[in-house]
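Note that the numbering used here has the sequence shown beginning at 12, numbered continuously upward.
Each remark here refers to the structure printed beneath this line.
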Amino acid sequence: MQFILHPMPLFRMKKLTIVMVLAAILGGAKAYLDHQLHVELDKAIINNQVAIEFSQITSSLLGQVIINNLRISKYIHIDKIILSKAYQFYNQLPESISINLEGIKIPINKANQPIPIIISTLGYAPYYISLKELYNLGYINIYANMSIIAKLQKTKLSLVSMINADIFGKYIISVEFNRPSKSFDTMELVSLQLEYFDNGLVNKVLSYLALRNNETSQQLQQKFITKLNNDIKQQDIINNLYQFLKNPKSLTINLQPKLPMDINTLKTLPIQQFKLQITT
């Protein structure tokens, strides 16, 4: 068998050479960036004294940073984190960014813990379920996938997070802030919305609480609604909550301060200072 090599035209050789040089430059730059990402993440972990381990961190030519097999302390494990447009963080807050967390696993704490003081003080202890009780109901781990999309528009920052937590349901959280900055405490909350889509958790918890309180599920729901009605005194909210408890499919909660306020101020405000809306 005989092979005949034909000379390649000069312009094609130039094109091929340029492609090879670009590939070498980009490949070398990517390898260097991946190395620097390892170094910087290691520094951040050491400086903040957080027990974090990861198997691999890489970058893409599209500006993504990908972290594989991240373990925080000995409890939280995330298969993969994909951070888009990460390079923009070096100089300023990016105009838009998305973060995807795949394969989150968080074990439920089965240790005995006291009921939070505020729950007991407000009289909601009969309707509180602890993590240990959830564990005993078979909710041993939280498995979830999560995405976060952030958009910056001059004086406003909007965040949308979608969490698919399997047996714990699906959540969509939307938040809007004024005065976006690198300091979370100085940003002003404009609005907060939580959408919850049930996947069997509510009925299971209601049945357990009724059994614990030696009453039927209907009696438990009625007492809970009566308690809320005495505290909130907003009939439309009470009616929608009651409908949700009877047929738990989805619930949307909208919360707005009367005026945009920074996070530290919001912590001290009573619920009456917020515009609250609940729909099913």
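All C-beta atoms in this analysis are idealised placements derived from N, C-alpha and C, irrespective of residue type, glycine included.
Nearest to I117 (by Cα), restricted to the options H88, N111 and F208: H88
Check whether I119 and I93 have beta carbons under 8 Å apart: no
From I153, A176 and F208, residue whose alpha carbon lies closest to that of F255: F208
Where E51 falls, given that 16 or more other Cβ within 10 Å makes a residue buried: Interpretation of E51 is limited by its pLDDT of 47, a score under 50 that renders its predicted location unreliable; the figure taken from the coordinates is listed afterwards. When all chains shown are included, E51 counts as exposed.
F188 versus M272: straight-line alpha-carbon distance, rounded: Cα to Cα, F188 sits roughly 9 Å from M272.
The stretch 203-222 contacting the stretch 179-187, beta-carbon criterion three pairs below 8 Å: Two segments are said to touch when three or more pairs of C-beta atoms, one from each, lie closer than 8 Å; by this definition the stretch 203-222 touches the stretch 179-187.
Proximity winner among I243, R82, L112 and I249, relative to N175 (alpha-carbon distances): L112
Three-state secondary structure assigned by DSSP to T290: If DSSP states are grouped into helix, strand and coil, T290 belongs with the strands.
Residues of its chain near L148, where Cβ-Cβ distance is below 7 Å and the 5 sequence neighbours each way are ignored: Within the same chain, L148 has close Cβ partners K215 and Y219.
Proximity below 8 Å, CB of S231 to CB of L217: For the record, residue 231 in the displayed sequence is Leu; it is not Ser. Contact: yes.
In DSSP terms, what L170 is bridged to: A161 and V186
Whole-number beta carbon distance between F235 and Y139, since they are thought to touch under 8 Å: Not a contact, Cβ separation roughly 11 Å.
Neighbour-count burial assignment, E199, 16 or more Cβ in a 10 Å radius: buried
Counterpart residues of R223 in DSSP-defined beta bridges: Answer by DSSP bridge pairing: none, since R223 is not bridged.
Reduced DSSP category for S141 - H, G, I as helix; E, B as strand; rest coil: coil
Residue span of the alpha helix (DSSP H) that contains Y253, given as start and end: Per DSSP, Y253 belongs to the alpha helix (DSSP H) from Q246 to K257.
K238 versus I108: straight-line alpha-carbon distance, rounded: 42 Å
Stretch-stretch touch, CB-based, cutoff 8 Å, three pairs: the stretch 125-137 with the stretch 146-160: no
Pairwise C-alpha distance: N224 and I249: When the Cα atoms are used, I249 and N224 turn out to be separated by approximately 22 Å.
Beta-carbon proximity list for K121, same chain, < 6 Å, skipping 5 on both sides: K143 and Y146
Proximity of S172 and Q267 at Cβ, strictly below 8 Å: no
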